[in-house]
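Everything in the sequence shown is counted per the numbering used here, starting at 1 for the first residue and increasing by one.
Beta carbons are placed, not taken as given, at the ideal position from N, Cα and C, and that holds for glycine.
One structure is given below, encoded as structure tokens.
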Amino acid sequence: MTREIRGIAAAPGTAVAAVKWLASAPSTSAADTPGADVDAEIARVETAFDTVSARYAAQAERAAGPAADILTMTAALAGDPALLDQVRAGIRAGGPTAHSVTEAVNHFAEQLAALGGMMAERASDLRDVGQRVVAELLGVDPPGIPDSAEPFVLAAQDLAPADTATLDPAKVVGLLTIAGGPTSHTAILAKALGIPAVVACPGAVEIVEGTEVLLDGTAGVVDTEPDAQRRAAVAIEKSRQQTAATGPGRTGDGHAVPLLANVGSAADARLAVELGAEGVGLLRTEFLFLGQQSSPTIDEQTAHYTEIFQIMGERPVTVRTLDAGSDKPLPFLKLPAEENPALGVRGIRLASVDEGTLDDQLTAIEAARAATGTPVKVMAPMVATVEESRAFATRARELGVTSRGIMVEVPAAAMRAEYLGAEVDFFSIGTNDLSQYLFGADRMSSALAALHDPWQPALAATIAAVVAGARTHDVTVGVCGESASNPEFACVLVGLGVSTLSMAPRSLAGVRAALADVTLAQCRAAAAAVLAATTAEAAARAARAELGRAGRV
């Protein structure tokens, strides 16, 4: 086995511990014996689905932040009537009960995977639903986290939300998956929990249970034979981060870089404040709408935003308007069926279907701002043209919003940043979707995960173009994508001219420490090195040399 196995960096940090593999899922077969009483079997499977859905919902209530949001969506998958109808049909056709579940789940999971984009992520979640329903029917334990008296690195083909959301960071000190990508649920939840993670690492199959490894979630590397020098380097790096200066983000020579948090709930906001966030760079609002049969009222929305604004106090908050559609369907919007929802009616395009929902949301945000006095900015997602930028800014101004911006996540917007910037006050670059569209690579495809490596020089070049275009109208540029949580790449973003960085709250400390360790000149030199590189690997190597981190873990 090769000493170093390469994957994709998914959540920053390092860990040294033995590997333990996730327990396998129960299996079914078409040769299994069908139940004698069809109606009784259907009743039994309905109960199993209800039980599993309720467990997801209960986990969501106990969880916070992205974990709660993802578990809520997975509970909805377990309650999907179309899925249950397919299972009933399989049982009525004489199929074994548990295997009918497996077949129905595989049928819908294949459809979701074929849609690509974030819908493909639901395929993994749906299979987890099926495995847990099957386990319930068979009376066995579902796949789960192994017990261990010592901290360990958890390895798996992939991790489902129910697994990741219940991890104890004191026991699971690293995550390693064969599948997945840097914006998968595993990556998002690992960042939320502060657990280093490497994904899309097919070579992990060679690692034997119990092997001690050094997992580097910043570089995307797993060392299966860490020597004493590398172990010591990990300990020194952890100690350095723990003792790094707290307070506002800044480079070692005093260049201010406000470090903000990505949040979706009041619980997220409290954690952000606790961990030293200087504000919120991305307040996701769609989770207030998910699972609703009708749009939340203005009063309901106002109460939700008010609670979060009060927690943040005088810290600035940037709110993203509804980014539903794609993998987050809303029944009350009655969106058309689309073959590729990731490229369909989502984000700001929802206003073309239901302008009233956007108006209500803007009204509620402004009411909450007026009630709290919190500095609030509002931005629209998936803006691609000058017309869209102008229409949003105009409507937001009419409804009282004083600071208006757009997400730059479509290449067309990046290419025309100079012109879109004439309509708004600020840009926020969403590097997750921008990478997906820039490289034409499904962000949930393990096979294409390397194209979502933030070190891809084309991504840096695109960000540099946005910054250059924004300067024409003195428009500020922030980054709220997952790339901002990579401590080394965060330094490159600063060197490219990005003003603010927003990330999962638990990533703040690592980024703060990395910035404090370098000068603005080093950041600019690292950015220039990335722009001059021809490959992601060369870009990372050159940037680390400029940042003086080449010898670090």
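Item	Value
Return the bridge partner residues of Leu214 from the DSSP annotation.	Val16, Asp223
Tell me whether Leu438 sits in a helix, a strand or coil according to DSSP, three-state version.	helix
Three-state secondary structure (DSSP) at Ser502?	strand
Nearest to Cys201 by alpha carbon, out of Thr218, Ala68, Leu189, Ile178?	Ile178
Given a cut-off of 8 Å on the beta-carbon distance, is the pair Cys480 and Cys523 in contact?	no
Which class does Phe289 belong to by DSSP, given the choice of helix, strand or coil?	coil
How do the stretch 220-237 and the stretch 23-31 stand: do at least 3 beta-carbon pairs fall below 8 Å, yes or no?	no
May I ask you to report which of helix, strand or coil DSSP gives Arg320?	strand
Is Pro217 near His452, with beta carbons less than 8 Å apart?	Here residue 217 turns out to be Gly, not Pro, going by the sequence shown. No, these two residues do not count as a Cβ contact at 8 Å.
DSSP has Thr177 in a bridge; who is on the other side?	Ala156
Going by alpha carbons, who is nearest to Asp39 out of Leu71, Ile91, Ala18?	Ile91
Near Phe287, what residues of its chain come up, given a Cβ to Cβ distance below 6 Å and the 5 sequence neighbours on each side ignored?	Asp69, Gly264
Judging by CA-CA distance, which residue of Pro248, His255, Val19, Pro226 is the nearest neighbour of Leu275?	Pro248
Using the beta-carbon count (16 or more within 10 Å), is Asp163 buried or exposed?	buried
Does the distance from the CB of Asn486 to the CB of Ala9 come in under 8 Å?	yes
Would you identify the three-state DSSP class for Arg55, choosing helix, strand or coil?	helix
List the residues that DSSP assigns as beta-bridge partners of Lys377.	Thr318
Report all residues from its chain with a CB closer than 6 Å to the CB of Glu41; omit the five preceding and five following residues, and keep chain order.	Gly35, Ile91, Thr97
Suppose contacts are defined by Cβ-Cβ distances below 8 Å. Is Ala18 in contact with Val199 by that definition?	no
In chain order, what residues of the same chain lie with their CB nearer than 8 Å to the CB of Ala539, ignoring the 5 residues before and after it?	Trp455, Gln456, Pro457, Ala460, Ala529, Val530, Ala533
Who are the near neighbours of Thr51 in its chain, counting only those whose CB is closer than 7 Å to its CB and skipping five residues on each side?	Glu136
Whose C-beta lies closer than 7 Å to the C-beta of Arg552 among residues of the same chain, with five residues either side of it excluded?	Because Arg552 sits at a pLDDT of 47, beneath the cut-off of 50, its placement in the model cannot be relied upon, and the point is left open.
Within 10 angstroms of its Cβ, does Thr14 collect 16 or more other Cβ (buried), or is it exposed?	buried
Return the CA-CA distance between Pro381 and Phe289, expressed in angstroms with no decimal places.	16 Å
In angstroms with no decimal places, state the Cα-to-Cα distance between Gly440 and Thr183.	15 Å
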